[in-house]
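Residue numbers (our numbering): 14 to 102.
What follows is a single structure, written as structure tokens, with notes after it.
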């Protein structure tokens, strides 16, 4: 992973940890369920942003290298991405 991408991802993960801690505190304090769900959605969005950053870095490093490489490397990179999207469903 690229250095600047790694920094961004780590910062996002720290924010996610903070959001999760907030969700836990809200549950313990019996906060209104809708408010807990809103905070939970913030966790989900932050995680999606971190995933997007990781995927972007992957495209700019590993996938770019694979496309320029041998056929086997290209096919492996394509298959990995296809499998990832299948898992996401």
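Here a beta-carbon is modelled for each residue, glycine too, at the ideal position from N, C-alpha and C.
Bear in mind the structure is a predicted one, so any value in this text is a computation, not a measurement.
Span separating the alpha-carbon of residue i from that of residue j
i           : j          : result
residue 74  : residue 16 : 11 Å
residue 101 : residue 79 : 23 Å
residue 93  : residue 37 : 35 Å
residue 91  : residue 39 : 42 Å
Assigned exposure category for residue i - 16 Cβ within 10 Å defines buried
i          : result
residue 27 : exposed
residue 88 : exposed
residue 66 : buried
residue 57 : exposed
Reduced DSSP category for residue i - H, G, I as helix; E, B as strand; rest coil
i          : result
residue 31 : helix
residue 43 : coil
residue 83 : coil
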